Amino acid sequence: MSQVSYQDEEITEKPLNAKLLWRLIGYLKPYLWWVSLAFILIVGTAFFRQATPYLTKIAIDDYILIGNL
Numbered sequence: 001m002s003q004v005s006y007q008d009e010e011i012t013e014k015p016l017n018a019k020l021l022w023r024l025i026g027y028l029k030p031y032l033w034w035v036s037l038a039f040i041l042i043v044g045t046a047f048f049r050q051a052t053p054y055l056t057k058i059a060i061d062d063y064i065l066i067g068n069l
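Position 51, counted from 1, in the sequence shown is what the working numbering calls 51; the numbers after and before it change by one each time, with no gaps.
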């Protein structure tokens, strides 16, 4: 009966080079409109999530506390 020995293999990651990145982007060309739209929506969502607390501050400080409700 033989024993099977397992050795930990060292996995080395190769850095992402520009050639590979452009090759991957090439697959997105047919979907460029959708990718652009998704990027714009992500940036817009991030902006409005940051703007909500500021708008709440303005509403409370300038209108509710003064009594202009």
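Just so you know, even glycine gets a beta-carbon here, dropped at the ideal spot from N, CA and C.
These figures come from a predicted structure and were not determined experimentally.
Span separating the alpha-carbon of residue i from that of residue j
i     : j     : result
Ile58 : Ile64 : 9 Å
Tyr31 : Leu41 : 15 Å
Ala51 : Gly26 : 35 Å
Val43 : Ser36 : 11 Å
Ile60 : Ala46 : 23 Å
Arg49 : Ala38 : 16 Å
Ile11 : Asp62 : 59 Å
Tyr54 : Leu21 : 38 Å
Tyr29 : Ile66 : At residue 29 the sequence reads Lys, which differs from the Tyr that was named. The alpha-carbon atoms of Lys29 and Ile66 are separated by roughly 54 Å.
Three-state secondary structure (DSSP) of residue i
i     : result
Tyr31 : helix
Ile66 : coil
Leu16 : coil
Ile11 : coil
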